[in-house]
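Below is one structure, written out as structure tokens, with a few remarks after it.
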Amino acid sequence: GAGVSQTPSNKVTEKGKYVELRCDPISGHTALYWYRQSLGQGPEFLIYFQGTGAADDSGLPNDRFFAVRPEGSVSTLKIQRTERGDSAVYLCASSWGGSGNEQFFGPGTRLTVL
Amino acid sequence: LAKTTQPISMDSYEGQEVNITCSHNNIATNDYITWYQQFPSQGPRFIIQGYKTKVTNEVASLFIPADRKSSTLSLPRVSLSDTAVYYCLVGDIGNAGNMLTFGGGTRLMVKP
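Which chain is which? The protein sequence lines are C and X, in order. Start counting the first sequence at 11; every next residue gets the next number (my numbering). Start counting the second sequence at 16; every next residue gets the next number (my numbering).
Printed below as a string of structure tokens:
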């Protein structure tokens, strides 16, 4: 079956621009997670959805970052007024049930802010 | 929060058994231990999860002593394709909490 997919695979933008990153989780998975990963570092948790609601958004670094999952399936991570420090790989994962269950990761979106 | 400590890197040779130990001195009663593997340019992949004693699957074994303050991921007879970063996570599977903290991981290099 299809795994987690993320689009675009690469995104290059200019400082100050707005970007949206999309995640299509595995069908039927109720939980969805966003992480970002900088070179040489482990994934850094951003936000976790259970269904349509954000169960934990404590990892969002500031109010420029926002994520939605309006129908409990596809999710969009939105970054306003991008900064060069936002450059990273943004990973999405999904799982059955709660956050500690096996998470299935997508290939990530590489965001570069010039 | 249960913090984890792993070696930054390890080297091994093809065919050897590799053991990666993770320290988690502050592990809580409801916490589980989960290991993920990550190859370059890919998302992490679940390897194994356990609570106590020993868990084995087709890929690896996980050894957890009685005090649960550490755990050891064992990879039998590694091959070059096992070269990757391995992450240890600790947390309550019913609670988002620190289960979502990956840390720096252990970079395993398997040599021919």
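Ideal Cβ positions, reconstructed from N, Cα and C, are used throughout, including at glycine.
(request) Compare the C-beta of C/LEU101 with all C-beta atoms of chain X and state if any pair is closer than 9 Å. (result) In the first sequence, counting from the first residue as 1, residue 101 of chain C sits at position 91. A Cβ of chain X is located within less than 9 Å of the beta carbon of C/LEU101.
(message) Could you check whether X/ASP107 and X/TYR51 sit closer than 9 Å to each other, using their CB atoms as the reference points?
(response) For the purposes of this step, residue 51 of chain X is identified with residue 36 of the second sequence, where counting begins at 1. For the purposes of this step, residue 107 of chain X is identified with residue 92 of the second sequence, where counting begins at 1. No; because the gap between Cβ atoms is not below 9 Å, this pair is not in contact.
(message) So, under 8 Å CB-CB, C/THR92 and C/ARG32 are touching, yes? Tell me the CB distance rounded to an integer number of Å.
(response) Stepping through the first sequence from its first residue, residue 92 of chain C is reached at position 82. Stepping through the first sequence from its first residue, residue 32 of chain C is reached at position 22. 16 Å between Cβ atoms; not a contact.
(request) Could you pull out every residue in the same chain whose Cβ sits closer than 7 Å to the Cβ of X/ASN40, ignoring the five residues on either side in sequence? (result) Taking the second sequence and counting its residues from 1, one reaches residue 40 of chain X at position 25. The answer, listed in chain order, is LYS84.
(request) Name the one or two DSSP bridge partners that X/THR71 has. (result) Locating residue 71 of chain X in the second sequence gives position 56, where the first residue counts as 1. X/SER76.
(request) Show which residues of chain X have a CB atom less than 9 Å away from the CB atom of C/GLY118. (result) For this step, residue 118 of chain C is matched to residue 108 along the first sequence. Chain X residues near C/GLY118: SER56, GLN57, GLY58.
(message) With the cut-off set at 9 Å, would you say X/SER76 and X/LEU88 are in Cβ contact?
(response) Taking the first residue of the second sequence as position 1, residue 76 of chain X is located at position 61. Taking the first residue of the second sequence as position 1, residue 88 of chain X is located at position 73. For the pair X/SER76 and X/LEU88, the CB atoms are nearer than the 9 Å cut-off.
(message) Which same chain residues end up closer than 6 Å to X/THR19 when comparing Cβ atoms and leaving out the 5 residues on each side of it in sequence?
(response) To locate residue 19 of chain X, count along the second sequence from 1; it is residue 4. So the list reads CYS37, HIS39, CYS103, VAL105, GLY118, once near-sequence residues are dropped.
(message) For C/LYS25 and C/GLY118, I'd like the C-alpha separation in whole angstroms.
(response) Within the first sequence, residue 25 of chain C is the residue found at index 15, counting from 1. Within the first sequence, residue 118 of chain C is the residue found at index 108, counting from 1. In a straight line, the C-alpha of C/LYS25 is about 21 Å away from that of C/GLY118.
(request) Just tell me which of X/LEU115, X/PRO127, X/THR121 has its CA closest to the CA of C/PHE55. (result) The sequence position of residue 55 of chain C within the first sequence is 45, counting from 1. It is X/LEU115 whose Cα lies nearest to the Cα of C/PHE55.
(request) Assess, as a yes-or-no matter, whether the region 32 to 48 of chain C is touched by the region 101 to 112 of chain C under the definition of 3 or more beta carbon pairs within less than 8 Å. (result) Contact holds: three or more Cβ-Cβ distances are below 8 Å.
(request) Could you tell me which chain X residues have their CB closer than 7 Å to the CB of C/PHE75, listed as they occur along the chain? (result) The residue given as residue 75 of chain C occupies position 65 in the first sequence. Within chain X, no residue comes near C/PHE75; the closest Cβ sits about 16 Å away, beyond 7 Å.
(message) What would DSSP say about C/ARG91, mapped onto helix, strand or coil?
(response) By 1-based counting over the first sequence, the position of residue 91 of chain C is 81. DSSP places C/ARG91 in coil when its eight states are reduced to three.
(message) Cutting at 6 Å between CB atoms, please list the residues of its own chain near C/SER48, excluding the five before and the five after it.
(response) Taking the first residue of the first sequence as position 1, residue 48 of chain C is located at position 38. Same-chain partners within the cutoff: ALA98.
(message) Let me see if you follow: with CB-CB separation under 9 Å, is C/ASP66 close to chain X or not?
(response) In the first sequence, residue 66 of chain C corresponds to position 56, counting from 1. Yes - at least one Cβ of chain X is within 9 Å of the one on C/ASP66.
(request) Could you tell me the distance, in whole angstroms, from the CA atom of X/THR54 to the CA atom of X/ALA99? (result) Position 39 of the second sequence, counted from the first residue, corresponds to residue 54 of chain X. Position 84 of the second sequence, counted from the first residue, corresponds to residue 99 of chain X. One detail in the question is off: residue 54 of chain X reads as Phe in this sequence, not Thr. In a straight line, the C-alpha of X/PHE54 is about 5 Å away from that of X/ALA99.
(request) Please say whether C/PHE114 and C/VAL29 have beta carbons closer to each other than 9 Å? (result) For this step, residue 29 of chain C is matched to residue 19 along the first sequence. For this step, residue 114 of chain C is matched to residue 104 along the first sequence. In terms of Cβ geometry, C/VAL29 and C/PHE114 do not form a close pair [threshold 9 Å].
(message) So the candidates are X/ARG122, X/MET124, X/TYR101; which of them puts its Cα closest to the Cα of X/ARG60?
(response) Taking the second sequence and counting its residues from 1, one reaches residue 60 of chain X at position 45. When only C-alpha atoms are compared, the closest one is X/TYR101.
(request) Measure the beta-carbon distance from X/ARG122 to X/SER27 and round it to whole angstroms, keeping in mind my assumption that it falls under 8 Å. (result) Translated into positions along the second sequence, residue 122 of chain X becomes position 107. Translated into positions along the second sequence, residue 27 of chain X becomes position 12. With 8 Å as the limit, X/ARG122 and X/SER27 do not qualify as a contact, their Cβ atoms being about 11 Å apart.
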